[in-house]
Each structure stands twice: as structure tokens, then as C-alpha cells.
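Everything below concerns the one structure shown next.
In this note's numbering, the protein residues as written are 49 to 208.
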């Protein structure tokens, strides 16, 4: 007989995943330190975890990620996959690139010297915009804060 209740760590994964995190990032945030990508995939294959994620999303009304969710992901998201990308010799053809979570990356360049440059969105600006959102702004203000954070980071990347 399969157990029907979630452990505290599994429940934390469901909360994180419902907040628009990827499976790997949600598992890492929930405390799965050893191979969080496998733990996330395993949890997503369990019906009880999927039911909990659906319940959390229903409670949040729309079920769709909001601008605040995107800001949280920019502000607190992991850059581990971007770090792994730096040390890969070939990212084409093996399918690894498609499975990477590069949400926080604003630009990737490979200059002539063969090295790789990765620029990230500004976490401080994302935190400021998130703070504005949570301070009581409406959904329109939330969305505009999110886009201001993205465009501000983009402008900073172009100046560098």
C-alpha cells in the first residue's frame, strides 16, 4: 500500500514547484542536496505530489505563474546550471542544453578567444521589484515591476 501523506520535505518541494520553480530548483530548495534533478523528477512522477501541487495552484487561484513568481525566481533562483554550462566543451547535440534551467541568464556570449561569458539578471533589482509587488501593488503594477527589473538588467548588460 502506498503512503498517502507527504513528508515535510516532499511538501516543501510541492510548495516550491507550485511557485513556478523548475523541478531541480524546487528539489534543491526543499532540501534534496544529492542529485536534486532526480529527486524532482521522481516526485513529479508520484500522483500524491502532483495532487498537492494542483491543490496549491488552485489555492493561488489562477494556477498560472505570476510576475511575482518570476521575480522570486530571478531573485532567489539557482545559477548552478549556468556554472555547469561554463565547463562543458560541447553543448550541442547531447540534449543537455535543453534540460538546463537558465532562467536567470540574460546573455551568453562566446568571444573569439573561445571562452564563454554569461551575464545574469540583476538580483537586487528583482528583489526591489518583488518588494514593491508584495507591498500592495495590483497585478498591473506587479507586471510592470517585473518588466522594469528585466529591462533594467538588460540595459545594464548592454552597457558592460
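Glycine included, every Cβ here is placed at the ideal spot set by N, Cα and C.
Paired residues, beta bridge with residue i - DSSP
i	result
residue 166	156
When the options are compared against residue i, the one with the closest alpha-carbon
i	options	result
residue 154	160, 170, 134, 84	170
residue 166	73, 180, 151	151
residue 96	137, 133, 61	61
residue 163	172, 114, 181, 133	133
residue 54	92, 73, 159	92
residue 127	84, 56, 168	168
Same chain, Cβ closer than 6 Å to residue i, neighbours up to 5 away in sequence not counted
i	result
residue 77	64
residue 80	87
residue 148	129
8 Å CB neighbourhood of residue i in its chain, flanking five on each side removed
i	result
residue 125	69, 73, 149, 151, 152
residue 183	none
Cβ shell of residue i (< 7 Å), same chain only, five flanking positions each side left out
i	result
residue 175	123
Kindly provide the ranges of any alpha helix (DSSP H) runs that are 4 or more residues long and lie completely inside the segment 52-124, ordered along the chain.
Correct list: 56-66, 71-77, 84-92, 95-107, 115-124.
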